[in-house]
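Below is one structure, written out as C-alpha cells; the observations come after it.
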Amino acid sequence: MSGVPLRRVLVVGGGPAGLYSAALLRRAFPDTQVRVVDRNREGATYGWGVVFSEQTLGALEQADRLSYDQICDSFARWDAIDVHFRNTFLRAYGHGFSGMSRKRLLAILTRRCIDLDVTIEHETEFDDLSQFADYDLVIAADGLRSGLRTVRADHFGPRFDTRSAKYIWYGTSRRPEMFTYLVMPTEWGVFQGTPYPYSDDHSTFVIECSDQVWQRAGLDRMSEDQSREFCEELFSEFLAGHPLLSNRSKWMNFVTVKNRTWVDGNVVLVGDAAHTVHFSIGSGTKLAMEDAIGLVDALRKNERLPEALAYFENGRLPVAEAFQDAAQQSLLWFEALDRNLSLEPEQFVFNFLTRSGRISYDEVRQRDPRFADTFDRWFARAARGSQAPKLITPGPLFTPLRLVGGTRGTVANRAVLPVGNAMTTDDGIPGAQHERAVLHRVRGGAGSVLTDVVAVCPDARITTCDAGLWNDDQTECWAKIVDKAHCEGEALLITRLGHAGSRGATAPRSHGIDQPLRGRAWPLLAPTSRPYVQNGTPPKAMDGQDMTAVVGQFRDASERAVRAGFDGLEIHAGHGYLLGSFLSPLTNTRTDEYGGDLDCRLRFPLEVFAAAREVWPRDRLLSVCVNADDWAPGGAGVAEAIEIVRSFMNAGCGLVHLVAGQSVASSRPRYGPYFLASLAEQIRIETGAGVMIRGRITSTDEANTVIAGGRADLCVLDLPGLAEFDQSQTSKASLHDNAVAVPPVQSKRGALSSGDAYAGK
Amino acid sequence: MLGWARRIEEGPFASAAVLDRLAYDSYEPLVALAAAAAVTARIELATTILIAPLRNTTLLAKQAASLDRISGGRLVIGVGVGARQDDYQIAGVETARRGQTLADQLVEIPALWDRGQLGVGAGPGKRPRFLAGGSTGAALARMAQHCEGYIHGGGPPRVFARAGQEARAAWIDAGRPAAPQLWGQGYFAFGASAEAGAAYVRDYYGFTGAFAEKIASGLLTSPQQALEFLQAYAEAGCDHLIMIPAVASPEHLDTLATVVTDAGFASQDAGLAGEPPNDPSRIRR
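Line by line, the protein sequences give chains R and D. Residue 1 is where the first sequence starts when you use this note's numbering, and the numbers rise one by one after that. Residue 1 is where the second sequence starts when you use this note's numbering, and the numbers rise one by one after that.
Structure representation (C-alpha cells):
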C-alpha cells in the first residue's frame, strides 16, 4: 500500500506533537515536503518536565528508533509515588513513569526533523487560510489555544471547561527520587505540591490550590517574584534550601478542551489543539506524540486523504476521550481535596491511587504487594468490630464491621447479596422462591442479605407480586425463612420496609416498570395528587389522617419484622416511593408544614422513621435508604442528601443505603462502573455515616476498590448469574395479571437482518 | 424481499430484522415485515430499530398489533430515536423532545393495546416484545423501564460487552427481575464483494462523517472472521446477533448459514449454553 499521495504538508506548531508528526511524516513519505511553522522564537519553551508511562515508550520505540534512543537516554525514571500527608509519609511502588526535560525533548525532535530535511520556521504566525489550498495536508499542532481551530470553530465544534482551581509550574534543583505528592495545610487552606524529577539534577514542581485559598493567601495580588517566594516559604521543608525556578511562571486555570471532530477537509487537529488532559495523570505529551504516530500510520494505510483522516480520528478520539474521562475523575479528586483531608493517611493514599478509576484494588496489590498488605492491616485495625490486627488480613471486603452493638450488629464481611421480589403470589406471603433465594445467598457467603421492598400494608405495594409484612401469615413465613437462614450461616438478614406512594398499583415488572394496573388499581397516597407517569393512577394528596395511618403501618410492620427475627431493618425513603417523594422537591410541592424547604420535606419521613425507631431493638441495625442525587433538573442534589443523611443519623439511623434517580419517571442516570461510589464517598466523608451502595459492583475487586477507598462500607454485589439463578426453576404460573409469562432465558442464537436497503434494489 | 425472508426461514436463523430510514432508499419496516410474515411461519420478525418518534403513536400501536396478529405473534419491536436529522426533517418532526416522545410512546402503546380501543390489540400473552437502543444513561434507563432488551449499535465485541454491562446495570437499577436480552449487530460481505460492502456501509453511515470509516473497517469479509465475531459476541453475553448483509447477494446467506451451524449457534439448537455455569453467588477471594 503506497499511502495517501502527499506533495506538501504544513505543520502549525513546533511542540512535541508538531515536530514528531513532521519527523515521522518525512520518514514514511520521503518525497513529501514538510514545513513546520511556530510562533515562538527558537528554544523558547515554558514547561519544565514531561512524563511518559512505560506503555508509551513501546509505541515511541516502534515509531522511530533514533529519537527513542535519545529520549530514553535523557530520562529520569521512577517506580514509586511518595505521599506526604499529615506528618506521615507513605510510599507505593509499581507506578512506573519516566520524566525528561521538555526543552531536551524539543531539542531531540528538532534535531531529528533537521536531519530528515523538515523545514522549521520560528517566529512565524500562520493564519492565512487562503494558503491552505497549497498544501495537501495541514496539521494543526498549535496547542490549547489553537488559532486554526479557533478560525474554524464552527466546524471543529470545540468545547471548553475552565476549572476554578489555580495551579503554577516551577522547576527546582531539589530532586526527589520519585513522584512526590505533598499536602500542605496552611492558615488560608490547603496547598498541594507535586515535585517529580525530569533530569539528573532538576525537578518539575507543580503547586495547586483552590481559587478561594489562592485569594485568601493574597496570591492574586502578588508579582511573579512574590509568588515564587511565597511558594518557596510554603514548601521550605521539602525544598531544603533549594530555590524554585520561574520561567515566566504564572498562576493558571486548567482548561479541558474537547472537539466535536478533529478533521476539516485537509486540516487535522493533533495534541492539545484536539484534546487536553489534566496534568495530574501525566498524559498530555504522551497523547500528543501518540497522535503523531496514529496520524502518520493512517496516512500510510489509506489511499485517500479523507479516509486516512477519518481512520486517524476514529482510532484516536476514543483513546483521547478515555484519558479525558480518567483525567476528569482525577481533577475532580484534586478539587475536592478538602473533603478527603479527614481520611487517615493510609486510606487517603489508597483513595488517591485509585482516584481516576484506572487502577483497582487488585491492581494496587499487583503493583506493590507490600503496600497492599500494609493497607489491609491498617484497614483491619481501623474497622470497627474487627479483632486485633493479624499478620494476614482478609482484605477490605472480608473485614468484619460492627454496625451496632450487640451480637447481631456485626457483619462478617462487607458483601451484601440482594433478593428480588417478583416471585410471590398476590397475598404478599414470601414463598418457596424467596426461601430458596435467601438460603442461596447465605450459603454463598454473604455478610448480609437484603430483601426487596416489603410492603407495610396492601395499598403500599408497588406491584401485585410484592411481599408484605402486614399480617400474621406473612410474619410467620418470614420467620421460617429467617430461622432457616440463621441455621445456614452468619449472614445478617435485612428487610426493607416501604410504601410505594404514587408508584404503587403497577403490573409485575417482567415487562417494564411503573405500568399502571388499569381498572384494578388500589388507592394510592402521595404528597400531592400528581401521578408518577403520564396517564397513571392519580394518588390522593395525603392529609393528617393518612399520615397518622401510614406512620402506624410502618410501626406495625417494624414490630412484625422484630418478631420475624430480622437482624436489620431498612426504611425505604428513596427512588420516588412514598417517603422519597416527600424528600424530593420535584414531587413534594406541598405548601403546608410537610412541604417547602428541606426541614419541612423531612418532617413526615422522620416521623415514620421515629415510629420504627421506637419499636426496633437498639441492638439491631436500623437503616434508611435515601437518594444521593435525584439525577433530574430541579431535583435534590448531593448537598441536600448530606443534610438528609445527617437528619436520619440524629434520629438514630445506623447505616445509610444510598440510591439515586427515579424521583420522577425520566431522570438522567449514569451507569458507569460502581456508579454511585463518588456520590457515596462525598456523603460518607461529610457525614461520617456508615454507607451501603449498589450499582454495577459486579466483582470482589470492584467492591474492594470501593470499600478500601472509603467510598462505602457495604456493597450490594450484582454478581453475574445471580439473576439467572433466581430465574431458573421459577414457577412462571405465579406471575399473572396482565403480564405475560416470563420468557425463558434465551439460548444464544444467530439472527439475521434481511438488509432491506439492498434487498429492495 | 420475499426471497430473503424465505432463505432466512429455511436457514438456521432465529429472526429476520429490518432497519428504518425515511430519507433513504429502503422499504418501510412494518410493510417489509408484513410481506415477510406472509411467506414465513417460524422466524421472529424484528425492527432494529424503528424510529418511533417519527410516527403517530396510535397508528403505530395499531400497525404493530396488526402485524403481530398476522404473523402469529412473531413481532419484536426494536425502537430508538435514530441518529439522522434528515429523517426528522422530511417527516416534519422536532428532534428536541424525541427522547421524551419515545418514552411516552413506550408507555402509551401497551396502554392502547390493554384498553382494547384498537380492536386487534394484543391479548394477554400475545404482546409483542419491545427492545430499545441508545447509549446515553437516559436511553438505557428508558430501555430498563419499558423494554425487554437492549439493541447495541454495533462495534467490536469488547465495546458490546461494556455496553451490555451498562444495560444490565440500568436493568438492576430499575428493579427488573432476570436480565435484559442483549442484541448485537455486525455487517458482512464475503470475498470479492468486500469492497462493495464497505462502500455501502460508508454510504449508509455517511452522515456520521468519520465514523463511517470505522464501521466499514469492522466489516466481516470472510467466513472465518464471521465465525470469530459470532463466538466473541456470544462470549460477551450477546443473546441475539443481527448479521447485516452489506451487499445484496442472497448466496452469502448460505455461507453465513454454514458458519452459524458449524459454530453451534443454529436457532434450533437449544442446548447451546454448554456446561452449566458455576454457582455465581459463591464469593471467593
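Beta carbons: idealized from backbone N, C-alpha and C, even for Gly. Model, not experiment: these values are computed from the prediction.
*Name, please, each residue of chain R whose Cβ falls closer than 9 Å to the Cβ of His-146 (chain D).*
Ordered by position in chain R, the residues that pass the 9 Å Cβ test against His-146 (chain D) are His-511, Gly-512, Ile-513, Asp-514 and Gln-515.
*Kindly say whether Arg-176 (chain D), judged by its beta-carbon, lies nearer than 8 Å to any beta-carbon of chain R.*
Interface residue, yes.
*Grouping DSSP H, G and I as helix and E and B as strand, with all else coil, what is Asn-40 (chain R)?*
The answer is coil: DSSP assigns Asn-40 (chain R) none of H, G, I, E or B.
_For a test of your reading of the model: does the CB of Gln-105 (chain D) fall under 7 Å from any non-hydrogen atom of the ligand ZN? Yes or no._
Because no ligand of any kind appears in the structure shown, any question about the ligand ZN cannot be addressed here.
*Using 8 Å as the limit for Cβ to Cβ distance, is Glu-490 (chain R) near chain D?*
Not closer than 8 Å to any Cβ of chain D, the Cβ of Glu-490 (chain R) fails to qualify, so no.
*Where do the N-terminal and C-terminal ends of the alpha helix (DSSP H) with Phe-254 (chain R) fall, by residue?*
According to the DSSP assignment, Phe-254 (chain R) belongs to no alpha helix (DSSP H) but to the beta strand (DSSP E) extending over 252–259.
_Residue of D:Phe-229, D:Ser-217 and D:Val-201 minimising C-alpha distance to Ala-248 (chain D)_ = Ala-248 (chain D) has its Cα closest to that of D:Val-201, out of D:Phe-229, D:Ser-217 and D:Val-201.
*With a cut-off of 8 Å, does the C-beta of Val-107 (chain D) fall near any C-beta of chain R?*
Val-107 (chain D) counts as touching chain R.
*Val-691 (chain R) and Val-638 (chain R) look like a contact to me (Cβ under 8 Å); what is the Cβ gap, rounded to whole Å?*
Contact doesn't hold; Cβ gap of about 13 Å is too wide.
_Residues from the region 81–111 of chain D in contact with chain R, defined by Cβ distance under 9 Å_ = Answer in chain order: Gly-99, Gln-100, Ala-103, Asp-104, Leu-106, Val-107, Glu-108, Pro-110 and Ala-111.
*Near Arg-7 (chain R), what residues of its chain come up, given a Cβ to Cβ distance below 6 Å and the 5 sequence neighbours on each side ignored?*
Counting only Cβ-Cβ distances below 6 Å, and skipping sequence neighbours, we find Asp-136.
_Check for me: the alpha helix (DSSP H) holding Met-1 (chain D) runs from which residue to which?_
Counting along the chain, Met-1 (chain D) sits inside no alpha helix (DSSP H), nor does DSSP assign it H or E at all.
*Inter-residue Cα distance where the pair is Val-51 (chain R) and Ile-281 (chain R)*: Taking the straight line joining both Cα atoms gives about 10 Å.
*Indicate the three-state DSSP secondary structure (helix, strand or coil) for Thr-730 (chain R) in the structure shown.*
Low per-residue confidence applies at Thr-730 (chain R): pLDDT is 46, beneath 50, and the placement is therefore not dependable enough to give any value.
*Are the beta-carbon atoms belonging to Leu-401 (chain R) and Arg-414 (chain R) less than 8 Å from one another?*
Yes, the Cβ-Cβ distance between Leu-401 (chain R) and Arg-414 (chain R) is below 8 Å.
*Mind listing the chain R neighbours of Leu-140 (chain D)? Cutoff is C-beta to C-beta under 8 Å, in chain order.*
Correct list: Pro-669 and Tyr-671.
*In angstroms with no decimal places, state the Cα-to-Cα distance between Trp-113 (chain D) and Leu-102 (chain D).*
Taking the straight line from one Cα to the other gives about 17 Å.
*Taking Glu-335 (chain R) as the reference, which of R:Gln-192, R:Arg-248 and R:Asp-592 has the closest Cα?*
For the set R:Gln-192, R:Arg-248 and R:Asp-592, the Cα lying nearest the Cα of Glu-335 (chain R) is the one of R:Gln-192.
*asked:* Measuring alpha carbon to alpha carbon, tell me which residue in R:Asp-427, R:Glu-488 and R:Glu-435 is nearest Ala-467 (chain R).
replied: It is R:Asp-427.
*Taking C-beta pairs closer than 9 Å, name the residues in chain D that Arg-518 (chain R) reaches, listed in chain order.*
For Arg-518 (chain R), the chain D residues whose Cβ falls inside 9 Å of its Cβ are Ala-111, Asp-114 and Arg-115, in order along the chain.
*Use the C-beta contact count for Leu-735 (chain R): other C-beta atoms within 10 angstroms, 16 or more gives buried, fewer gives exposed.*
Bear in mind that a pLDDT of 27 at Leu-735 (chain R), under 50, signals an unreliable position, so the number given afterwards is only what the model happens to contain. Residue burial is scored here from C-beta neighbours: Leu-735 (chain R) has at least 16 other C-beta atoms within 10 angstroms and is therefore classed as buried.
_My output table needs one value for Cys-232 (chain R): the three-state DSSP class, helix, strand or coil._
Rather than Cys, the amino acid found at residue 232 (chain R) in this sequence is Glu. DSSP, reduced to helix, strand and coil, places Glu-232 (chain R) within a helical segment of the structure shown.
*Count the other C-beta atoms from every protein chain shown that fall within 10 angstroms of the C-beta of Ala-535 (chain R), then say buried if there are 16 or more, exposed otherwise.*
With the sequence shown as reference, residue 535 (chain R) is identified as Asn, and Ala is not the correct amino acid for it. Asn-535 (chain R) sits exposed, since fewer than 16 C-beta atoms from the chains shown fall within 10 Å of its C-beta.
*So what does DSSP say about Pro-53 (chain D), is it helix, strand or coil?*
Reduced to three states, the DSSP call for Pro-53 (chain D) is helix.
*State the start and end residues of the unbroken alpha helix (DSSP H) segment that holds Met-289 (chain R).*
Counting along the chain, the unbroken alpha helix (DSSP H) around Met-289 (chain R) starts and ends at 284–301.
*So what does Glu-121 (chain R) bridge to, in DSSP terms?*
Note: Glu-121 (chain R) is bridge-paired with R:Val-37 in the DSSP secondary-structure output.
*asked:* At 4 residues or longer, what runs of the alpha helix (DSSP H) sit wholly inside the region 563–635 of chain R?
replied: Annotation: the region 563–635 of chain R contains the following complete segments of the alpha helix (DSSP H) (minimum length 4 residues), in chain order: 578–583 and 598–615.
_Which same chain residues end up closer than 8 Å to Pro-250 (chain D) when comparing Cβ atoms and leaving out the 5 residues on each side of it in sequence?_
Around Pro-250 (chain D): Gly-3, Trp-4 and Arg-7.
*For Asn-87 (chain R), count neighbouring Cβ atoms within 10 angstroms of its own Cβ and tell me buried if that reaches 16, exposed if not.*
Exposed.
*chain D within 8 Å of Asp-718 (chain R), Cβ atoms only*: Asp-718 (chain R) has a beta carbon lying within less than 8 Å of a beta carbon in chain D.
*Does the beta-carbon distance from Tyr-311 (chain R) to Glu-195 (chain D) come in below 8 Å?*
In this structure, Glu-195 (chain D) does not lie closer than 8 Å to Tyr-311 (chain R) by Cβ.
*Beta carbon of Gln-231 (chain D) nearer than 8 Å to that of Ala-189 (chain D)*: Remark: C-beta atoms of Gln-231 (chain D) and Ala-189 (chain D) do not approach each other more closely than 8 Å.
*Just reading off the alpha helix (DSSP H) that His-240 (chain D) is part of, what are its end residues?*
No alpha helix (DSSP H) holds His-240 (chain D); the beta strand (DSSP E) holding it covers 240–245.
*Measure from the C-beta of Lys-62 (chain D) to each C-beta in chain R and report whether the shortest distance is under 8 Å.*
At a cut-off of 8 Å between beta carbons, Lys-62 (chain D) makes no contact with chain R.
*Where Glu-44 (chain D) sits in the DSSP three-state scheme*: DSSP, read as helix, strand or coil, puts Glu-44 (chain D) in strand.
*Amino acids of chain D, ordered along the chain, whose beta-carbon sits closer than 7 Å to that of Glu-307 (chain R)*: Glu-213, listed in chain order.
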